[in-house]
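Residue numbers (this note's numbering), protein chains in the order written: chain H, 2 to 113; chain Z, 313 to 425.
What follows is one structure encoded as C-alpha cells, with my remarks underneath.
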Amino acid sequence: NAGVTQTPKFRILKIGQSMTLQCTQDMNHNYMYWYRQDPGMGLKLIYYSVGAGITDKGEVPNGYNVSRSTTEDFPLRLELAAPSQTSVYFCASTTWPHTEAFFGQGTRLTVV
Amino acid sequence: KQEVTQIPAALSVPEGENLVLNCSFTDSAIYNLQWFRQDPGKGLTSLLLIQSSQREQTSGRLNASLDKSSGRSTLYIAASQPGDSATYLCAAGDSGSARQLTFGSGTQLTVLP
C-alpha cells in the first residue's frame, strides 16, 4: 500500500533552472496539496486541487505551477529556480469530507 | 487569516513522564484539528484527528482535546518513551471547500532514557 509517493527525494538546482516535483497517490483521494516547510517553521500551502482538472493557489504560490490531469497525479513545477525556493516540499492527499491527511516523504530541494 | 501557535517550541523530559503539548488557533471556525508527528528527514504521520463537533480523541497513550471557544487544543502523552522523540505539529483545518490546513511551527520533543 504505497499511499503518497514523491520523487525525487533530494535535488540540487542551479539558479534559473526548472524542474518538476512528482506526486502520486493510490488511494483515489480527490483532494491533493503541495506544502513547503522551511527550517523551524510549519508547513505553508503552495497549491491545492479538489479534483482532476481543478487547481487553486494557496498561501505561497509565486514561482510555482501545478496541473491535475488525473486523480492520481499532482506535479509541482518550479520555473526559474531561486535560492528562496530552497525548502522541503511535501505533497498530501485527503478524502472528502476532510478526514485524515496522508503525506509523502518529502523532497529536499536546494537552489544554489 | 488563521494563525496557529505551538508552545513550547522544544521540550526535553525524562522517560516515563506525562506531558502536554499546546496548540492555539486564532479563528475558531475550524472544520477539524489534527496532530501530526514528524521524524527527522521524514514526512508527517497523522496521530489524531478531532472533528469540530468533538471534544477529544484518544489513541493508545495519546489523548488530544479541542476547545473551539478558547481556540486551544492539547496533546497529552502518557508515560513518555524515548521512541516518542520527534517534532509534533498541530494543524487547523478550515471550513472552506478546500479544507486547507494551517500548521503551527511544531514542538520538538526529546524523551531522555
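All residues carry an ideal CB built from backbone N, CA and C; glycine is no exception.
Cut-off 6 Å between Cβ atoms - residues of its own chain near residue i, not counting five sequence neighbours on either side
{"i": "R109 (chain H)", "result": "F11, V89"}
{"i": "D1 (chain H)", "result": "Here chain H comprises residues numbered 2 to 113, so residue 1 (chain H) is not present and cannot be evaluated."}
C-beta contact flag for residue i and residue j at 8 Å
{"i": "R69 (chain H)", "j": "S50 (chain H)", "result": "yes"}
{"i": "V5 (chain H)", "j": "Q38 (chain H)", "result": "no"}
{"i": "Q346 (chain Z)", "j": "A398 (chain Z)", "result": "no"}
{"i": "Y414 (chain Z)", "j": "A321 (chain Z)", "result": "A small fix is needed here, since residue 414 (chain Z) is Thr in this sequence, not Tyr. Result no, Cβ atoms of T414 (chain Z) and A321 (chain Z) do not sit closer than 8 Å."}
{"i": "Q369 (chain Z)", "j": "L361 (chain Z)", "result": "yes"}
Residue from the options with nearest C-alpha to residue i
{"i": "Q23 (chain H)", "options": "H:V112, H:T95, H:F91", "result": "H:F91"}
{"i": "S382 (chain Z)", "options": "Z:S324, Z:D339, Z:P352", "result": "Z:D339"}
{"i": "F46 (chain H)", "options": "H:V61, H:G54, H:G52, H:P40", "result": "The sequence given here has Leu at residue 46 (chain H), not Phe. The option with the nearest alpha carbon to L46 (chain H) is H:V61."}
{"i": "I319 (chain Z)", "options": "Z:D396, Z:G405, Z:S385, Z:R411", "result": "Z:S385"}
{"i": "T422 (chain Z)", "options": "Z:L387, Z:S336, Z:Q314, Z:L323", "result": "Z:L323"}
{"i": "S358 (chain Z)", "options": "H:V112, H:V113, H:M42, H:Q106", "result": "H:Q106"}
{"i": "G328 (chain Z)", "options": "Z:I362, Z:R373, Z:G418", "result": "Z:R373"}
{"i": "N330 (chain Z)", "options": "Z:R349, Z:S365, Z:D351, Z:Q393", "result": "Z:Q393"}
{"i": "E315 (chain Z)", "options": "Z:A341, Z:V332, Z:L333", "result": "Z:A341"}
{"i": "Q412 (chain Z)", "options": "Z:Y343, Z:L387, Z:S364", "result": "Z:Y343"}
7 Å Cβ shell around residue i - same chain, five flanking residues per side excluded
{"i": "P326 (chain Z)", "result": "L424"}
{"i": "T317 (chain Z)", "result": "S336, G416"}
{"i": "A390 (chain Z)", "result": "N330, R373"}
Heavy atom of the ligand ATP within 7 Å of residue i beta-carbon
{"i": "E60 (chain H)", "result": "Looking for the ligand ATP in the displayed structure turns up nothing, as the structure carries no ligands at all."}
Close beta carbons around residue i, own chain, < 8 Å, minus the five adjacent residues each side
{"i": "R367 (chain Z)", "result": "S377, L378, D379"}
{"i": "T56 (chain H)", "result": "Y48, Y49, S50, V67, S68, R69"}
Q | Residues of the segment 351-371 of chain Z whose Cβ lies closer than 7 Å to any Cβ of chain H, in chain order | A | K354, G355, L356, S358, L361
**Q.** Any beta strand (DSSP E) of 3 or more consecutive residues that is wholly inside the segment 7-85 of chain H
**A.** 11-14, 20-26, 32-38, 44-52, 55-58, 65-67, 77-79
Q: Scan the segment 333-362 of chain Z and note each continuous beta strand (DSSP E) run of 3 residues or more that stays entirely inside, going in chain order.
A: 342-350
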